[in-house]
Amino acid sequence: MATAIFEQLINGTMMGSIYVLMALGMVLIYGVMHVLNFAHGVLFMTGGYLTHLFFFNLTGSYPLAIVLSILTLALIGVVLEGVIFRPLRDNLRMQIVASVGLILIIQNGVIQLWGPRALQMRTSSVSSLVKVGQLSFTMQHFVIIAVVVSAVTALYLFLTFTRLGTAMRATSQHPEAAIVVGINPNRIYALTFMIACALAGLGGALLGPLFLIFPQMGDAPMLKALSAIVIGGMGSIPGAIVGGFGIGVVESLSTLVIPSDYRDTIVFAILILMLLLRPWGLFGVRVRGEH
Amino acid sequence: MLKVRGLKGGYGGRLIVDGVDLDVAAGEIVTVIGQNGAGKSTILKSIFNMAPVREGVVTLDDQDIFPVSSYQMLTVGLAYIPQHHSVFPKLTITENLRMGGYLLSDAKLLQERVAKVEDMFPILKERRKEYAASLSGGEQRMLEIARTLIMDPKVVMLDEPSIGLAPKMVDLVFSTARLLAEAGKGILMVEQNVRRALLASDRGYVLELGQVRITDEAQALIADERVSRLYMGVRS
Chain G
64 MATAIFEQLI
74 NGTMMGSIYV
84 LMALGMVLIY
94 GVMHVLNFAH
104 GVLFMTGGYL
114 THLFFFNLTG
124 SYPLAIVLSI
134 LTLALIGVVL
144 EGVIFRPLRD
154 NLRMQIVASV
164 GLILIIQNGV
174 IQLWGPRALQ
184 MRTSSVSSLV
194 KVGQLSFTMQ
204 HFVIIAVVVS
214 AVTALYLFLT
224 FTRLGTAMRA
234 TSQHPEAAIV
244 VGINPNRIYA
254 LTFMIACALA
264 GLGGALLGPL
274 FLIFPQMGDA
284 PMLKALSAIV
294 IGGMGSIPGA
304 IVGGFGIGVV
314 ESLSTLVIPS
324 DYRDTIVFAI
334 LILMLLLRPW
344 GLFGVRVRGE
354 H
Chain A
2 MLKVRGLKGG
12 YGGRLIVDGV
22 DLDVAAGEIV
32 TVIGQNGAGK
42 STILKSIFNM
52 APVREGVVTL
62 DDQDIFPVSS
72 YQMLTVGLAY
82 IPQHHSVFPK
92 LTITENLRMG
102 GYLLSDAKLL
112 QERVAKVEDM
122 FPILKERRKE
132 YAASLSGGEQ
142 RMLEIARTLI
152 MDPKVVMLDE
162 PSIGLAPKMV
172 DLVFSTARLL
182 AEAGKGILMV
192 EQNVRRALLA
202 SDRGYVLELG
212 QVRITDEAQA
222 LIADERVSRL
232 YMGVRS
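From first to last, the protein sequence lines stand for chains G and A.
Counting along the first sequence from 1, when you hit position 34 you're at 97 in this note's numbering, and nothing is skipped either side.
Counting along the second sequence from 1, when you hit position 69 you're at 70 in this note's numbering, and nothing is skipped either side.
Below you can see the structure in the form of structure tokens.
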């Protein structure tokens, strides 16, 4: 039993790291521009496809393919913000509609380009196994956890200690005051989208080799990430991290006691319970009236 | 220094500010008074390029600043402190000051300026590591003023600086404004606390329905029977 629990803890931490990447991107966009970007799942998927493309057709190196797909996603983020979300800035509802529309466009665009069938990308990190006691995990499990921990740390340092990171926090707290002190809000919005999309792309690039790359691969992670930020508290970065890891671990552990087909049910049951008992989330602040 | 001619501004539909001329000289405190809805705040927003609809002429030291974007106004020497709390609540006081110097790329100059305003407002130095939200209303106002001074603006515009503050704090805000004026800055205030504001000012403009009705020395306005009847609750 103890080994089974340990195995699921590792699996859960790995999946949780993926959720954390997604959740952080969504929380950043929500925190700075108050929009829930429902297209985050398809951006994650795009990251998987681009990594596949760069890996097989361009570089032959998995790490390099990841870097290229992150950069491409960052660029896509800037374009999406400038072309779609900026003109809709004053209309929150239309921005949400636009993000849902993006799902249809990107998902079907990918099917047009690559076809509906799932792609495989077996990198060496997937074939090489790491033995821990009697258990063995793919190297990729640990690559994912390590990369995500570094990415989250880097993001934290950026937001806390740099001029631009502080300006991002400032803009999310008081947009008018940000303008008054000389911060160009459009630059901050573009930067936010850029970082968030890069994180989603990194998620797809990391998970792609372990599972398959297919047009719907981002749907479940997006829903889990959304649950993570609701459970953690809308707009809270620590909440997104705790929520993401928490969901990953809980859903993995749940497979020990119930059939694994039901693990999504556990996640969403927790979400519903949270909404009933503590709707402002673990780290959120209770706000009355507004919204 | 700051020269405004024929300023109009609003939010679409009816113009809230309808042809205002005003001047602010270096070392002078100028106050705009008027009833709710007279367009006082909109004047400042229109000058600062924050009103959606605007036209007119705005120059600072003979430089045309009308088309400058709001977030670049500090680079031409114009600062604006909005009416409601505008500190960044969950940034520390140090971070708030740092954001005041967002447009400064010279790290050394930024440090000098921060040290200078910290000397001017010792409370900010004492509590530099705390969130701005932990400051009292008056202290937050001080932080807003201090944050503005990092860019060493020529003219500072204050929207209702005394609103919601304890009387002692109101005195402090106005005496700080005087200090800035003595340092050669021009101060343009908009106030509802008419008597106190005029006592602290050099000149005043009385605004009615988006237009300037009376303009005079502050002393003369306090003595003016129309002003005291309409804005200071004095019955004749």
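Think of the CB as a built atom: it goes at the ideal place given N, C-alpha and C, for glycine as much as any other residue.
Could you tell me which residues DSSP puts in a beta bridge with residue i?
i: A:Asp24; result: A:Lys4
i: G:Phe205; result: DSSP output for G:Phe205 lists no bridge partner at all.
i: A:Arg55; result: A:Gly10
i: A:Gly187; result: A:Val156
i: A:Leu208; result: A:Gly35, A:Val213
i: G:Val195; result: G:Leu198
i: A:Glu140; result: A:Glu140 pairs with nothing; no bridge assigned.
i: A:Asp65; result: A:Thr60
i: A:Ile30; result: A:Ile188
i: A:Thr93; result: A:Tyr132
What whole-angstrom Cβ distance do residue i and residue j have, given they're in contact under 8 Å?
i: A:Gly35; j: A:Glu209; result: 6 Å
i: A:Val165; j: A:Gly138; result: Going by the sequence as given, residue 165 of chain A is Gly instead of Val. A:Gly165 to A:Gly138, Cβ: 6 Å. Contact.
i: A:Val156; j: A:Gly78; result: 7 Å
i: A:Leu16; j: A:Gly211; result: 6 Å
i: A:Leu3; j: A:Leu61; result: 5 Å
i: G:Val206; j: G:Ser188; result: 5 Å
i: G:Leu198; j: G:Phe69; result: 7 Å
i: A:Leu189; j: A:Ile223; result: The Cβ separation is near 19 Å, so there is no contact.
i: G:Gly94; j: G:Ser290; result: Wrong, their Cβ atoms sit about 17 Å apart, outside the cutoff.
Indicate whether residue i and residue j have their beta-carbon atoms separated by less than 8 Å.
i: A:Met158; j: A:Ala52; result: no
i: G:Ile92; j: G:Phe221; result: no
i: G:Ile73; j: G:His204; result: yes
i: G:Phe288; j: G:Glu144; result: For the record, residue 288 of chain G in the displayed sequence is Ala; it is not Phe. No, the Cβ-Cβ distance between G:Ala288 and G:Glu144 is not below 8 Å.
i: G:Gly79; j: G:Gly307; result: yes
i: G:Ala181; j: G:Phe277; result: yes
i: G:Val293; j: G:Met231; result: no
i: A:Met179; j: A:Ile30; result: First, the amino acid is wrong: residue 179 of chain A is Arg here, not Met. In contact: A:Arg179 and A:Ile30 (Cβ atoms closer than 8 Å).
i: G:Tyr125; j: G:Phe118; result: yes
i: G:Ala128; j: G:Thr122; result: yes
i: A:Gly11; j: A:Val54; result: yes
i: A:Lys186; j: A:Pro154; result: yes
i: A:Asn197; j: A:Val171; result: Inspection of the sequence shows that residue 197 of chain A is occupied by Arg rather than by Asn. Yes, Cβ-Cβ distance for A:Arg197 and A:Val171 is below 8 Å.
i: G:Val363; j: A:Met121; result: Only positions 64 to 354 of chain G appear in this structure, which leaves residue 363 of chain G out of reach.
i: A:Tyr72; j: G:Ile246; result: yes
i: G:Gln71; j: G:Leu319; result: yes
i: A:Ile82; j: A:Thr149; result: yes
i: G:Ile335; j: G:Ser317; result: no
i: G:Val173; j: G:Thr114; result: no
i: G:His97; j: G:Leu155; result: yes
Would DSSP call residue i helix, strand or coil?
i: G:Ile276; result: strand
i: G:Leu182; result: strand
i: G:Thr223; result: helix
i: A:Ser70; result: coil
i: A:Ala80; result: strand
i: A:Thr60; result: strand
i: A:Asp19; result: strand
i: G:Asp366; result: Nothing about residue 366 of chain G can be reported from this structure: the residues present for chain G run from 64 to 354 only.
i: A:Glu218; result: strand
i: A:Met170; result: helix
i: A:Ser163; result: coil
i: G:Met64; result: coil
i: G:Ala102; result: coil
i: A:Val88; result: coil
i: A:Asp203; result: coil
i: G:Asn74; result: helix
i: A:Asp225; result: coil
i: G:Ser213; result: helix
i: G:Ser317; result: helix
i: G:Gly355; result: For chain G, the structure presents residues 64 to 354; residue 355 of chain G sits outside this window and is missing.
i: G:Pro150; result: coil
i: G:Ile335; result: helix
i: G:Pro248; result: helix
i: G:Asn171; result: helix
i: G:Phe107; result: helix
i: G:Gly266; result: helix
i: G:Asp282; result: helix
If we count Cβ pairs, one from each stretch, closer than 8 Å, do we get three or more for the region 329 to 345 of chain G versus the region 143 to 162 of chain A? no
Is it a yes or a no for the region 71 to 88 of chain G touching the region 289 to 309 of chain G, going by three-plus beta-carbon pairs under 8 Å? yes
Check whether the region 259 to 279 of chain G touches the region 82 to 91 of chain A, counting contact only when three or more Cβ pairs, one atom from each stretch, lie closer than 8 Å. no
If we count Cβ pairs, one from each stretch, closer than 8 Å, do we get three or more for the region 147 to 167 of chain G versus the region 102 to 115 of chain G? yes
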